[in-house]
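Novice:
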Amino acid sequence: MGNREVLQKAISELVTGDYMLLDLPYFANVGDVMIWQSALDLLEKVPHRCLYASSIENYNRPQLSSDVIILFMGGGNFGDLWVRHQEFRHRVMNDFPENKIIQLPQSVFFKDEDYMMQDIETFEKHRGEIVVCLRDEKSKTIIDSYYHNVKTLLLPDMALSFDVRTYCDKHSIKIEKGQGTLYVERHDSEAVPGDGGNKATGVTVADWPSMCSTPRAMYLFWIARKAVRLVGGDVDRFTDRCWNKWLKDVMLKSGIKFIARYEKICSTRLHAAVLGMLLGKKVEMIDNSYGKCKGVYDLWLREESNIEMK
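Heads up, the sequence shown is in the numbering used here, so the first residue is 83 and it goes up one at a time.
(1) Assign Arg-247 to one of two classes, buried (16 or more other C-beta atoms within 10 Å of its C-beta) or exposed (fewer than that).
(2) Under 7 Å Cβ to Cβ from Met-440, same chain only, skipping five residues before and after it: list those, please.
(3) Suppose the cutoff is 6 Å on Cβ atoms and the five residues either side in sequence are ignored; what does the same chain contact list for Asp-380 look like?
(4) Within the continuous alpha helix (DSSP H) that includes Gln-200, where are the two ends?
(5) Can the beta-carbon of Ile-347 be found less than 8 Å from the beta-carbon of Ile-341?
(6) Excluding the 5 residues preceding and the 5 following Ala-110 in the sequence, name in chain order all residues of the same chain whose CB lies nearer than 6 Å to its CB.
(7) Are three or more beta carbon pairs between the stretch 160 to 177 and the stretch 204 to 211 nearer than 8 Å?
(8) Can you tell me which of the three DSSP states Tyr-108 falls into?
(9) So for Lys-346, helix, strand or coil by DSSP?
(10) Which runs of the beta strand (DSSP E) fall wholly inside the stretch 236 to 307 and span at least 3 residues, in chain order?
(11) Indicate whether the contact test is met: 3 or more Cβ pairs, each with one atom in the stretch 309 to 326 and one in the stretch 136 to 143, closer than 8 Å.
(12) Name the one or two DSSP bridge partners that Met-116 has.
(13) Using three-state DSSP, classify Tyr-134 as helix, strand or coil.
(14) In three-state terms, what does DSSP make of Phe-178?
(15) In whole angstroms, what is the alpha-carbon distance linking Phe-244 and Glu-385?
(16) Determine which residues share a DSSP beta bridge with Ile-212 and list them.
(17) Is the separation between the beta-carbon of Ala-273 and that of Ser-371 shorter than 8 Å?
(18) Just to check my reading of the structure: Leu-334 and Val-190 have Cβ atoms closer than 8 Å, yes? What is that Cβ distance to the nearest angstrom?
(19) With a CB to CB cut of under 6 Å and the five nearest residues on each side skipped, what residues in its chain are close to Arg-343?
(20) Could you please give the first and the last residue of the uninterrupted beta strand (DSSP E) stretch that includes Ile-389?
(21) Note the first and the last residue of the continuous alpha helix (DSSP H) segment covering Ile-224.
(22) Mind pulling the beta strand (DSSP E) runs of 3 or more residues that sit fully within the stretch 144 to 178?
(23) Using the Cβ count rule (16 or more neighbours within 10 Å means buried), how would you classify Thr-223?
(24) Going straight from the alpha carbon of Leu-216 to that of Arg-86, what length do you get?
(25) Near Cys-250, which residues of its chain fall below 7 Å by C-beta distance, leaving aside the five closest residues on each side in sequence?
(26) Cβ of Trp-328 within 8 Å of Cβ of Pro-238?
(27) Quick test of your reading: Asp-100 and His-130, contact by CB under 8 Å. State the CB separation rounded to the nearest angstrom.
(28) What did DSSP end up calling Lys-363 once you bin it into helix, strand or coil?
(29) Give the single residue among Ile-368, Glu-126, Lys-127 whose Cα lies nearest to the Cα of Val-266.
(30) Assign Lys-127 to one of three DSSP states: helix, strand, or coil.
(31) Given this structure, state the Cα-to-Cα distance separating Leu-124 from Val-285, to the nearest angstrom.
(32) Assuming Gly-158 contacts Lys-374 (C-beta within less than 8 Å), just tell me the rounded distance between them.
(33) Could you give the distance in angstroms between the alpha-carbon of Val-313 and the alpha-carbon of Asn-326?
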C-alpha cells in the first residue's frame with residue numbers, strides 16, 4: 083500500500099463525523115501549503131462536511147456542538163520551536179473541551195522541558211478523545227512516553243500524498259527534466275549551522291521563492307484587504323476566500339516551477355525534497371536541526387529510488 087493509500091484509509095477511519103480544519107497555513111512556506119492541499123484532497127473522499135476552517139490569525143470561536151471533530155493541520159510545529167502553533171492548540175482545546183481532536187501527522191520537538199510539562203497538563207485536562215498522528219518514530223516515542231491520555235498513530239507526512247501530476251495538468255504546469263543542481267537552504271530556527279559548507283561551485287543556492295521575496299500576489303492581497311477594512315467589510319472572510327481560491331495555488335505553482343527547473347535537488351527543507359522526489363528529480367535530503375527529515379526518510383522514503391539522505 084502506497085503512502086497516499088495509507089493516508090486515505092487512516093483519514094477515512096479517523097474522521098467519522100463533521101469536522102473543522104484548523105491552523106491553515108496562510109503564509110509563504112510552500113511545504114505547509116502542500117500539506118494543506120493534500121489534506122483537502124484526502125478529506126474530499128470522506129462523507130462528512132467541513133463546518134469551519136481557519137488559520138491561527140483568522141480564528142474566531144465558532145458555535146459548534148461537542149460532536150464536531152477538530153482537525154489540526156499536520157507539519158513540523160508540535161512543540162515549542164514554533165510555539166504559536168502549540169499555543170493555538172491550547173486555545174482551541176479550551177474553547178472545545180469535550181470535542182474529539184485529531185492532530186494530522188506532525189513531528190514533535192521541545193527545547194524547554196518545563197514548557198513540555200505544562201503542555202502535557204493542558205492535554206490531560208481535555209475531556210474529549212485525542213488522537214495524535216506522528217510521522218517519525220522519535221516523535222511517537224515522546225508522545226507515548228509522556229502524554230498518557232493521547233492515542234498515537236504513525237502515518238506518512240500528508241504531502242507524500244500530494245498528486246503533483248494531476249495538479250500540474252489542472253493548472254497547465256509543464257514538468258521538465260531540468261538542468262543543473264538546486265540546493266534548497268533554510269535559514270530559520272530549524273537550520274543547522276554550516277550545513278551548506280560542501281556546496282559545489284555552480285550549484286544554485288536558494289530557499290522557496292515565496293520566502294526569499296514577497297510574491298506580487300501577496301502585495302495585491304494586502305492592498306485589497308486594506309480596502310475591504312476601510313469600507314467595513316468582513317476582512318476574515320475575505321482573507322479566507324483569497325487563500326482558498328487564489329493564494330494557495332499561487333504558492334503551489336511557484337514551488338513546483340522552482341523545483342521543476344532543475345535536474346537534481348539537494349535540500350535542507352523536507353518538502354522541497356519531497357516535491358523533488360514527486361517530480362522525478364534526483365534528490366539528496368539533508369537533515370534539519372532536530373532530526374525531522376531523517377525520521378520521515380527512515381519510515382516513509384527509504385524505499386524510494388530517487389531520494390537519499392546525505
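Just so you know, even glycine gets a beta-carbon here, dropped at the ideal spot from N, CA and C.
Specialist: If we stick to the structure as given:
(1) exposed
(2) Since the first residue shown for the chain is 83 and the last is 392, residue 440 is missing from the structure and cannot be characterised.
(3) none
(4) 195 to 207
(5) It is a contact, given that the beta carbons lie within the stated cut-off.
(6) Ser-292, Met-293
(7) yes
(8) coil
(9) If DSSP states are grouped into helix, strand and coil, Lys-346 belongs with the strands.
(10) 263 to 266, 286 to 288
(11) Here the stretch 309 to 326 makes contact with the stretch 136 to 143; the two share three or more CB pairs at distances below 8 Å.
(12) Paired residue(s): none; Met-116 is not in a bridge.
(13) If DSSP states are grouped into helix, strand and coil, Tyr-134 belongs with the strands.
(14) coil
(15) 18 Å
(16) Ile-183
(17) yes
(18) Rounded, the Cβ-Cβ distance is 26 Å, inconsistent with contact.
(19) Gly-260
(20) 389 to 391
(21) From DSSP, the alpha helix (DSSP H) with Ile-224 extends over 219 to 228.
(22) Listed in chain order, the complete beta strand (DSSP E) runs (minimum 3 residues) inside the stretch 144 to 178 are 151 to 154, 157 to 161.
(23) Answer is exposed; the Cβ neighbour count stays below 16.
(24) 16 Å
(25) Around Cys-250: Ile-257, Ile-338.
(26) no
(27) 5 Å
(28) coil
(29) Ile-368
(30) Under the three-state reduction of DSSP output, Lys-127 falls in the coil class, being neither helix nor strand.
(31) Taking the straight line from one Cα to the other gives about 36 Å.
(32) Taking a contact as a CB-CB distance under 8 Å, the pair Gly-158 and Lys-374 counts as one, their CB atoms being some 5 Å apart.
(33) Taking the straight line joining both Cα atoms gives about 22 Å.
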